[in-house]
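Here the sequence shown is numbered in the working numbering, starting from 210 and rising by one per residue.
The beta carbon of each residue, even a glycine, is placed where N, CA and C say it ideally should be.
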Amino acid sequence: SVREAEKLAKELASGGALRRKPKTTEKKTAAVDPDVAALTRRLERNLGVKIRIAHNKKGAGKLTISYASLGELQPILDKLES
210 SVREAEKLAK ELASGGALRR KPKTTEKKTA AVDPDVAALT RRLERNLGVK IRIAHNKKGA
270 GKLTISYASL GELQPILDKL ES
């Protein structure tokens, strides 16, 4: 608002510092199940790419396989099909 802008301008003119909420870039991290972490590392080692496993309390979830290009995708598919 105009009033807030005037207040900030006055504070800056008097040598005061702007008070802003620091941005938080940290994601909330839940406790990682050691078995899931081990499986993630095993898949990453076998496929050679970044893997993410996420699941809910009921056990349903998703497996994400990240790749940089279509050329990198084909060997992953070959390994999964073998």
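Check	Outcome
DSSP bridge partner residues for residue 261 (one or two, in chain order)	273
Simplified DSSP assignment, three categories, for residue 242	coil
Span separating the alpha-carbon of residue 246 from that of residue 278	25 Å
Where residue 288 sits in the DSSP three-state scheme	helix
Sub-8 Å separation of residue 253 and residue 260 beta-carbons	yes
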